[in-house]
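Participant: This is the structure, below, for whatever I ask next.
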Amino acid sequence: MSTGLENINTLNTQDDLKKQVYQILETVLDPEVPVLSVVDLGIIRDVQILAPPSGGGGGWGVEVFVTPTYSGCPAIDIINVHIRMALLQHGFKEIRITQLLSPAWTTDWISEAGREKLKAYGIAPPHYRQSVCTPEAFQAEEAIQCPLCQSYNTRLVSQFGSTACKALYQCNDCKEPFDYFKCH
Amino acid sequence: MDTIRLNYILHLADNALILGHRNSEWCGHGPVLEQDIAISNIALDGLGQARNFYQSAATIAGNGATEDSLAYLRDVIDFKNCLLAEVPNGDWAQTILRQFFFSAYQYLLYTKLQQSNDGQLAAIAEKSLKEVSYHLRWSSEWVIRLGDGTEESRTRIGNALEFLWPYTGELCLPAGYELDAASNGYGVDVSSLQSDWHQRVSSVLEEATLAVPETGWMQSGGKQGRHTEHLGYILAEMQYLQRAYPGAEW
Ligand SMILES: [Zn+2]
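Each protein sequence line maps, in turn, to chains A and B.
For the first sequence, counting from 1, position 76 maps to 76 in our numbering; every step adds exactly one.
Just add 1000 to wherever you are in the second sequence, counting from 1, and you've got our numbering.
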C-alpha cells in the first residue's frame, strides 16, 4: 500500500505525529462501505502518541481508541487489523487498539466529507438524529432523498438492510432500490 | 471472585446469546428476503451484545475464562437465560411475538442499566439500547400487522400469544442475584419494570386487536438454570464445534 505519506521517523513533535496518525487512518477504509475511511465514519475517538521506551532500541508507539458502530458489527476485527497494519507500515512500533463503548457511536459523527462520499457512492447519507430513532410503531417516516435522481418521493422497504448500519429504500420516481445509512 | 456479579452479567449475556441464536436459525428461511435479512440483523445485534457482556464477565471469572469459553463450554444448568429466549421459533408469528415481548423488556432494562455504577455495564446498556429500539419498533409493527391482518395471520399470532404468554412472567420476576445486583447499584430490579412492560405490551396488542391475556400461572426457573428440554438441543448444536475440536478457529 503506497499512501505518499512520509515515514513517521522524520517527524519529531507529538502534535505532528498525531496529525500524521490521522492522515494514515484516512487511508484505512470501512470494508463494508469502502468509500468511507474509519475517520469519516467517526469511529476513531482519540489518538495518543506513546513515547519510545527509555534506553533506546524502540520507536514511537501509538494508542488508538476505536468505538464499534453496532455491537455485532462483523467488520470491527478486520478494521482493527487494517489500522494496525497501516500504522506499522509507517514506522510505529508499539500499537495499542482500545475499544470504547461509551459514548455510543452515532451517525451524527460521520463527517461532512463522508456524507458526500456516501451519496456519490449511491448510498443515501444519514439524516441528523431525530425522533425517528424511537421504538414507536408506524411512526411518520423521514423523507429520504434518492441518491440517483434526487427525488424525495421514496419509500421504506425495510429498516434492516445488507449490513447492520443500513435500511432498504426504493425511489417511487426512478424506481431505483437503494441503501440508506440509517440514523443511529 | 464476585460470584453474584458474575452470575448477573452471565444472565444478561445468556439472554442475548440464546435469543440471538434462536433468531439466527431463520437465516436463509425467512418468509421473504427483506424479513430474512431483518431477523438475521437482529440476531447479529444479539450476538454482539452477548459478546460485550461475556467479555465483561470473563474479567470477573478470571482463571483463563474468555468470551468463548463462557459461551461454548458451560452446560445447560449453568445458563441463566429466561425460558422465553429458548422456546422454539415455531412459525413467523411465534418468533415475532417472542421478539416483541423480549425487546419490550430489554428496552426498559437497558434504559435503567445505563445508570449502573459498573461503568462497563452502563456502556454496554447505552450501546445496546439503540439497537433494541429498532428491534422493538420492527417487532411491534409486525405484531400489529399480523393481529389486524388476515384470518390466517390472526389465528397464528393468537396461537402464539396463548403459547408464549406463560413464559413472560419470568422476565420481571427477579432472581436472587438480580436483587443483589440492584441493591449494590450495578443492576436493575426487574420487578420495577413490570407495569411499564405490561402497559407497552397491552397497547400494541390492543392496536393489533388482540385481547391481552389474563395473568395466570407463569413458568419460571431459567434464571436459576432450570431449563426447558429445548436448551440442551440449542447448546448441542451451538457448542458442538468447540467441544469436538477445542480451540478451533476460523
Ligand atoms: Zn430516484
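Where is the CB? At the ideal position from N, CA and C, for every residue including glycine.
If you run the structure through DSSP and keep just helix, strand and coil, what is Lys-175 (chain A)?
Facilitator: Here residue 175 (chain A) is taken as the residue at index 175 of the first sequence, counted from 1. Lys-175 (chain A) falls in the coil class under three-state DSSP.
Participant: Straight-line CA distance for Glu-176 (chain A) to Ile-144 (chain A)?
Facilitator: For the purposes of this step, residue 176 (chain A) is taken as the residue at position 176 of the first sequence. For the purposes of this step, residue 144 (chain A) is taken as the residue at position 144 of the first sequence. When rounded, the distance between both Cα atoms is 13 Å.
Participant: Taking the CB atoms as reference points, tell me whether Asn-1023 (chain B) and Ile-1042 (chain B) lie closer together than 8 Å.
Facilitator: Within the second sequence, numbered from 1, the residue matching residue 1023 (chain B) stands at position 23. Within the second sequence, numbered from 1, the residue matching residue 1042 (chain B) stands at position 42. Cβ distance < 8 Å, so Asn-1023 (chain B) and Ile-1042 (chain B) count as in contact.
Participant: Measure from the C-beta of Gln-1049 (chain B) to each C-beta in chain A and report whether the shortest distance is under 8 Å.
Facilitator: To locate residue 1049 (chain B), count along the second sequence from 1; it is residue 49. Yes, Gln-1049 (chain B) lies at the interface with chain A (some Cβ there is under 8 Å from its Cβ).
Participant: Please classify Ile-78 (chain A) as buried or exposed, where buried requires at least 16 other C-beta atoms within 10 Å of its C-beta.
Facilitator: For the purposes of this step, residue 78 (chain A) is taken as the residue at position 78 of the first sequence. Counting Cβ neighbours within 10 Å, Ile-78 (chain A) comes out exposed, since fewer than 16 surround it.
Participant: Is there a Cβ of chain A sitting closer than 8 Å to that of Trp-1138 (chain B), yes or no?
Facilitator: Position 138 of the second sequence, counted from the start, is the residue given in the question as residue 1138 (chain B). Yes - at least one Cβ of chain A is within 8 Å of the one on Trp-1138 (chain B).
Participant: Could you please go through the chain and list the residues whose beta-carbon is closer than 6 Å to any non-hydrogen atom of ligand 1?
Facilitator: Listed along the chain, these residues meet the criterion: A:Cys-146, A:Leu-148, A:Cys-149, A:Ser-151, A:Cys-171, A:Asp-173, A:Cys-174 and A:Glu-176.
Participant: Using a Cβ-Cβ cut-off of less than 7 Å, list which residues of the segment 164 to 183 of chain A approach chain B; keep chain order.
Facilitator: Hits within the stretch, in order: Ala-164 and Leu-168.
Participant: Determine the extent of the alpha helix (DSSP H) in which Leu-1097 (chain B) is found, giving its start and end residues.
Facilitator: Within the second sequence, the letter at position 97 stands for residue 1097 (chain B). Leu-1097 (chain B) -> alpha helix (DSSP H) spans 1092 to 1113.
Participant: Excluding the 5 residues preceding and the 5 following Cys-73 (chain A) in the sequence, name in chain order all residues of the same chain whose CB lies nearer than 7 Å to its CB.
Facilitator: Residue numbering aside, residue 73 (chain A) sits at position 73 when the first sequence is read from its first letter. Ala-164, listed in sequence order.
Participant: Determine whether the Cβ of Tyr-70 (chain A) lies closer than 8 Å to any Cβ atom of chain B.
Facilitator: Residue numbering aside, residue 70 (chain A) sits at position 70 when the first sequence is read from its first letter. So yes, Tyr-70 (chain A) belongs to the interface.
Participant: In angstroms with no decimal places, state the Cα-to-Cα distance between Ala-1057 (chain B) and Ile-1009 (chain B).
Facilitator: Within the second sequence, the letter at position 57 stands for residue 1057 (chain B). Within the second sequence, the letter at position 9 stands for residue 1009 (chain B). Ala-1057 (chain B) and Ile-1009 (chain B): Cα-Cα distance of roughly 6 Å.
Participant: In terms of DSSP beta bridges, what is Ser-154 (chain A) paired with?
Facilitator: Here residue 154 (chain A) corresponds to residue number 154 of the first sequence, with the count starting at 1. The sequence given here has Thr at residue 154 (chain A), not Ser. A:Cys-171.
Participant: Under 8 Å by Cβ, that's how I've got Ile-95 (chain A) and Val-47 (chain A) pegged, so tell me the actual separation to the nearest angstrom.
Facilitator: As a working note, residue 95 (chain A) is residue 95 in the first sequence. As a working note, residue 47 (chain A) is residue 47 in the first sequence. The pair is not a contact, with the Cβ atoms about 11 Å apart (cut-off 8 Å).
Participant: On the criterion of 16 or more Cβ atoms from any shown chain inside 10 Å, does Asp-1045 (chain B) qualify as buried, or is it exposed?
Facilitator: Translated into the one-based positions of the second sequence, residue 1045 (chain B) becomes position 45. Asp-1045 (chain B) comes out buried.
Participant: Using the three-state DSSP reduction, which class does Phe-1079 (chain B) fall into: helix, strand or coil?
Facilitator: Mapped onto the second sequence, residue 1079 (chain B) falls at position 79. Three-state DSSP puts Phe-1079 (chain B) in coil, outside helix and strand.
Participant: Between Gln-159 (chain A) and chain B, is there a C-beta pair that is closer than 8 Å?
Facilitator: Residue 159 (chain A) sits at position 159 when you count from the first residue of the first sequence. Cβ-Cβ to chain B under 8 Å: yes for Gln-159 (chain A).
Participant: Compare the Cα-Cα distances from Asp-1019 (chain B) to each of B:Arg-1156, B:Leu-1235 and B:Pro-1246 and report the closest residue.
Facilitator: Position 19 of the second sequence holds residue 1019 (chain B). A quick correction: the sequence has Leu, not Asp, at residue 1019 (chain B). Nearest of B:Arg-1156, B:Leu-1235 and B:Pro-1246 to Leu-1019 (chain B), Cα basis: B:Leu-1235.
Participant: Residues in the same chain with beta-carbon distance under 6 Å from Gly-1185 (chain B), minus the five sequence neighbours each way, listed in chain order, please.
Facilitator: Counting from one through the second sequence, the residue named residue 1185 (chain B) turns up at place 185. Within the same chain, Gly-1185 (chain B) has close Cβ partners Asn-1117.
Participant: For the segment 1100 to 1118 of chain B and the segment 1133 to 1148 of chain B, state whether three or more C-beta atom pairs, one from each stretch, are separated by less than 8 Å.
Facilitator: Judged by Cβ distances under 8 Å, the segment 1100 to 1118 of chain B makes contact with the segment 1133 to 1148 of chain B, as three or more pairs qualify.
Participant: Helix, strand or coil: which one does DSSP assign to Tyr-1186 (chain B)?
Facilitator: Within the second sequence, numbered from 1, the residue matching residue 1186 (chain B) stands at position 186. Tyr-1186 (chain B) falls in the coil class under three-state DSSP.
Participant: Which residues of chain B have a Cβ atom closer than 9 Å to the Cβ of Ala-140 (chain A), listed in chain order?
Facilitator: Looking up residue 140 (chain A) in the first sequence gives position 140. Near Ala-140 (chain A) there are no residues of chain B at all, since even the closest Cβ is about 13 Å away, more than 9 Å.
Participant: Sorted by chain position, which residues of the same chain lie with C-beta nearer than 7 Å to Gln-14 (chain A)'s C-beta, five sequence neighbours on each side aside?
Facilitator: Position 14 of the first sequence, counted from the first residue, corresponds to residue 14 (chain A). Within the same chain, Gln-14 (chain A) has close Cβ partners Ile-49.
Participant: Cutting at 7 Å between CB atoms, please list the residues of its own chain near Glu-1067 (chain B), excluding the five before and the five after it.
Facilitator: Here residue 1067 (chain B) refers to the residue found at position 67 when the second sequence is read from its first residue. Counting only Cβ-Cβ distances below 7 Å, and skipping sequence neighbours, we find Arg-1051, Tyr-1054, Gln-1055 and Ala-1058.
Participant: Closer than 8 Å by C-beta to Gly-122 (chain A): which residues in its own chain qualify, once you throw out the five before and the five after it? Chain order, please.
Facilitator: The residue labelled residue 122 (chain A) in the question sits at position 122 within the first sequence. Counting only Cβ-Cβ distances below 8 Å, and skipping sequence neighbours, we find Pro-147, Leu-148, Phe-178 and Asp-179.
Participant: Find the residues of chain B that neighbour Ala-124 (chain A), judging by a C-beta separation of less than 9 Å, and give them in chain order.
Facilitator: Indexing the first sequence from 1 puts residue 124 (chain A) at position 124. In chain order: nothing, as chain B lies at least about 17 Å away.
Participant: Going by DSSP, what residues sit across from Asp-30 (chain A) in a beta bridge?
Facilitator: As a working mapping, residue 30 (chain A) is identified with position 30 in the first sequence. Paired residues: A:Val-33.
Participant: Identify each residue in the segment 1086 to 1108 of chain B for which the Cβ-Cβ distance to at least one residue of chain A is less than 9 Å, and report them in chain order.
Facilitator: Correct list: Ser-1103, Ala-1104 and Tyr-1107.
Participant: From this set, A:Val-21, A:Tyr-22, A:Gln-23 and A:Val-39, which residue's C-alpha is nearest Thr-69 (chain A)'s C-alpha?
Facilitator: As a first step, residue 69 (chain A) is located in the first sequence; it is residue number 69 there, counting from the start. Cα-wise, what sits closest to Thr-69 (chain A) is A:Val-39.
Participant: Can you list, in chain order, the residues of its chain with a C-beta nearer than 6 Å to that of Leu-1047 (chain B)? Leave out the 5 residues immediately preceding and following it.
Facilitator: Locating residue 1047 (chain B) in the second sequence gives position 47, where the first residue counts as 1. Answer for Leu-1047 (chain B): Gly-1020, listed in chain order.
Participant: Counting only beta-carbon separations shorter than 8 Å, does Ser-151 (chain A) have a partner in chain B?
Facilitator: On the first sequence, position 151 is the one that residue 151 (chain A) refers to. For Ser-151 (chain A), the answer is no, since every Cβ of chain B falls outside 8 Å of its Cβ.
Participant: Check whether the segment 1091 to 1101 of chain B and the segment 1073 to 1083 of chain B touch, using three or more Cβ-Cβ pairs below 8 Å as the test.
Facilitator: The segment 1091 to 1101 of chain B vs the segment 1073 to 1083 of chain B: no contact.
Participant: Does any CB atom of chain B fall closer than 8 Å to the CB of Ala-104 (chain A)?
Facilitator: Your numbering for residue 104 (chain A) matches position 104 in the first sequence. Yes, Ala-104 (chain A) counts as interfacial toward chain B.
Participant: Counting along the chain, where does the alpha helix (DSSP H) carrying Gln-1253 (chain B) start and finish?
Facilitator: With chain B running from 1001 to 1250 in the structure shown, residue 1253 (chain B) is simply not present.
Participant: Name the chain B residues that come within less than 9 Å of Cys-73 (chain A), Cβ to Cβ?
Facilitator: Stepping through the first sequence from its first residue, residue 73 (chain A) is reached at position 73. Within chain B, the residues near Cys-73 (chain A) are Leu-1044 and Gly-1048.
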